[in-house]
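Heads up: the protein sequence lines correspond to chains A and B, in order. Under the numbering used here, the letters of the first sequence match residues 42 to 121, in that order. Under the numbering used here, the letters of the second sequence match residues 13 to 392, in that order. Ideal Cβ positions, reconstructed from N, Cα and C, are used throughout, including at glycine.
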Amino acid sequence: FPANTRQTKEEDIQLIQKYLENYYGFEKDGESSVWKSNSPIIQKLKEMQEFFGLEVTGKPDSGTLDVVQKRRCGFPDIAG
Amino acid sequence: FSTFAGEPKWAKQVLTYRIVNYTPDLRPADVNAAIKKALSVWSSVTPLRFIKKDRGDADIMISFAARDHNDFIPFDGPGGSLAHAYAPGKDFGGDAHFDEDETWTKSTEGTNLFYVAAHEFGHSLGLFHSKDPNALMYPVYRKFDPSVLPLHQDDISGIQYLYGPSPNTNNDQRESTEIKDPTESKDPALPSICDSNLTFDAVTTFRGEIMFFKDKHIWRKHPAVSTADFNLISSFWPLLPPGVDAAYEIPENDETVIFKDNEFWVVRGDTIVPGYPQKLYTLGFSKDIMKIDAAFHNINEGKTYYFIADKFWSYDKRSQSMDRKSLLIRDAFPGINGKIDAVFQYENFLYFFYGKKQFEFDLDKKRVTRFLKTNFWIPC
Chain A
42 FPANTRQTKE EDIQLIQKYL ENYYGFEKDG ESSVWKSNSP IIQKLKEMQE
92 FFGLEVTGKP DSGTLDVVQK RRCGFPDIAG
Chain B
13 FSTFAGEPKW AKQVLTYRIV NYTPDLRPAD VNAAIKKALS VWSSVTPLRF
63 IKKDRGDADI MISFAARDHN DFIPFDGPGG SLAHAYAPGK DFGGDAHFDE
113 DETWTKSTEG TNLFYVAAHE FGHSLGLFHS KDPNALMYPV YRKFDPSVLP
163 LHQDDISGIQ YLYGPSPNTN NDQRESTEIK DPTESKDPAL PSICDSNLTF
213 DAVTTFRGEI MFFKDKHIWR KHPAVSTADF NLISSFWPLL PPGVDAAYEI
263 PENDETVIFK DNEFWVVRGD TIVPGYPQKL YTLGFSKDIM KIDAAFHNIN
313 EGKTYYFIAD KFWSYDKRSQ SMDRKSLLIR DAFPGINGKI DAVFQYENFL
363 YFFYGKKQFE FDLDKKRVTR FLKTNFWIPC
């Protein structure tokens, strides 16, 4: 079980990161992709959770994953 | 709602659009209807009007493509990103791209083209995404009720912040649950070019085309093209009333003069020349003349002819004088007796319309050369 969970978790992380790159102007590089409490990716995740009225946890929780997997407009949600 | 940074918006009210290519998921006619209906969602609450072009450049270029498609935002295959559009501006500005890897439908199954297009055209007009989950400009695609106008008050507030309200309907569009697509043939009020009893209000040449006015619509026909475009008059000139009386073109000035009751407008392309409408008498008519039936401008003579009942007046551009007295139509145009609905000149012939009939008149031979059906020029 742990292996599966770990893989799914990795996929989820990738999915959310891609979403933040596409629609929240997150720019991936070595350091910023680390999921530490104040890292850029956490800030972007909070922005996204706030835009969609989700609980702003800064964590890749189920509510966030649910939104990330929905079909949507290809234009970003924040002014680029 | 929100706008793009710097609030880019179109400086004009009449915008052109062109469907550059079509998705194989739908019949072209369904794509045309979905796009037209999606644009009418926005024109129903603003002064904006949209004219379809079939060739050349347009303000809003609409295309279907998959993955990388020559802009910096490649699509991502089925699901995920469905489409995107650019803020108002030149080149890419206003353009809308739809992901061909989606299954485009005109129902609530798959991805409904009308609904996505209505959202994307919000971007093309200057709106950014909305946080209101009920708003059309919310970024996530949701199941929707096709019988209800998809605009939420948040969308209407946003678009009217940029362009103001529609000049001829109340601000709150929420009562209108159905978008009337002007090309819907179900609407009994729509004139049909195949109607053998068809009559026209006015006919004129217009920048190489011929324009046939009927109630609130116009047919536009280029002599070299087999098809004709069918538009609302308001999509060209939002402030012009329906049911015009007469129209003629002065090609050398690139002006077209359009009459309704005792007023007339001068238009150049899709713009009404400032200072119009003006009253009929300013052309030299007596003030008791309250409307004219038809008119044409003879470019060779430099004269403009105005028809009222069974008489006509002519204005000589060179001497800048209007006839003091009217003449009988049948004296100058033998075979044309009585009141006419419309007239226009094409090459060296005049075409007189009255009722269901059309008479071709040879200006050299000074006689009627052909009897034609009213809809002779436009394929049924």
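- At least one CB atom of chain A sits nearer than 9 Å to the CB of residue 85 (chain B).
- By the criterion of a C-beta distance shorter than 7 Å, residue 94 (chain A) is surrounded by no residue of its chain, once the five residues flanking it on both sides are discounted.
- For residue 31 (chain B), the closest C-alpha among the options B:332, B:71 and B:387 is that of B:71.
- Excluding five sequence positions before and after residue 284 (chain B), the CB atoms of its chain that fall closer than 8 Å to its own CB belong to 249, 251, 252, 277 and 278, given in chain order.
- Three or more Cβ pairs closer than 8 Å define a contact, and the region 107-121 of chain B meets that threshold against the region 32-43 of chain B.
- Linking residue 105 (chain A) to residue 47 (chain B) through their CA atoms gives a straight-line distance of about 32 Å.
- Beyond the five residues adjoining it in sequence on each side, residue 280 (chain B) comes within less than 7 Å, by CB distance, of 266 and 267 in the same chain, given in chain order.
- Counting of Cβ neighbours within 10 angstroms places residue 224 (chain B) among the buried residues, the total reaching 16 or more.
- Beta-bridge analysis with DSSP links residue 223 (chain B) to B:216 and B:232.
- As computed with DSSP, residue 243 (chain B) is found in a beta bridge with B:230.
- Using beta-carbon distances, residue 101 (chain B) does not count as an interface residue toward chain A, since no partner is under 9 Å.
- Contact annotation, residue 227 (chain B) with residue 263 (chain B): C-beta distance approximately 26 Å; criterion of less than 8 Å not satisfied.
- Around the Cβ of residue 391 (chain B), a 10 Å sphere holds fewer than 16 other Cβ atoms; the residue is exposed.
- Ranked by Cα distance from residue 205 (chain B), the options B:126, B:19 and B:389 are led by B:389.
- Nearest to residue 298 (chain B) by alpha-carbon distance, out of B:331, B:50 and B:336, is B:336.
- Taking a Cβ-Cβ threshold of 8 Å, the residues of chain A close to residue 94 (chain B) are 112, 113, 114 and 115, in chain order.
- Counting along the chain, the unbroken beta strand (DSSP E) around residue 358 (chain B) starts and ends at 354-358.
- Taking the C-beta atoms as reference points, residue 306 (chain B) is found nearer than 9 Å to residue 214 (chain B).
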